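Here the sequence shown is numbered in the numbering used here, starting from 15 and rising by one per residue.
All residues carry an ideal CB built from backbone N, CA and C; glycine is no exception.
Remember, predicted model here, so these are calculated numbers, not experimental data.
Below you'll find the structure, written out as structure tokens, and then a few comments.
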Amino acid sequence: MSRFRTPLKNVRGLGSAKLGTEHFVMQRLTATALVVLAIWFLVFVVSLIGADFETARVAVAKPWNAILLVGMLVAMFWHAQIGLQVVLEDYVHNTLLALALQTTVKFIAVVGAIASIFAVVRIALGGA
């Protein structure tokens, strides 16, 4: 009789498989954005070699540079959070520990993003 059973019984109650696709797509989108933004960032930083603090502050304060820098920070923290979430889901099998680590990773990512964006906004608005 067991030869007529399908593998469906093994996955019942394990949740929806739809979120996996969303994570996959978001990780690829953030990775693609980071490739483009990292190239811009490298060019930006190389252009500031030898510049004094005020020149660097003025360069970061330019609207397009500030917008691209904030975009890179958001994409970087989001990408890191998604990647760490996948690693934790794959390798941490204790439910309570997994939940605690997932919450910690999200908290650190949000705090890091907020602090980084605040720094860029502060520089862009002249409060360095």
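Residue i to residue j, Cα distance in whole Å?
| i | j | result |
| --- | --- | --- |
| residue 134 | residue 121 | 20 Å |
| residue 94 | residue 39 | 14 Å |
| residue 63 | residue 50 | 21 Å |
| residue 80 | residue 54 | 12 Å |
| residue 42 | residue 35 | 11 Å |
Between the options, which lies nearest to residue i when the distance is taken from Cα to Cα?
| i | options | result |
| --- | --- | --- |
| residue 82 | 112, 114, 35 and 47 | 47 |
| residue 132 | 78, 99, 87 and 100 | 87 |
| residue 140 | 61, 77 and 89 | 77 |
| residue 130 | 43, 107 and 85 | 85 |
What residues in its chain sit with their C-beta under 8 Å from that of residue i, if we drop five residues either side in the sequence?
| i | result |
| --- | --- |
| residue 126 | 91 |
| residue 102 | 112, 115, 116 and 119 |
Spell out whether any CB of chain C is found under 7 Å from the CB atom of residue i.
| i | result |
| --- | --- |
| residue 41 | Absence of chain C from the displayed structure is noted, only one protein chain being present. |
Ends of the alpha helix (DSSP H) at residue i?
| i | result |
| --- | --- |
| residue 79 | 77–105 |
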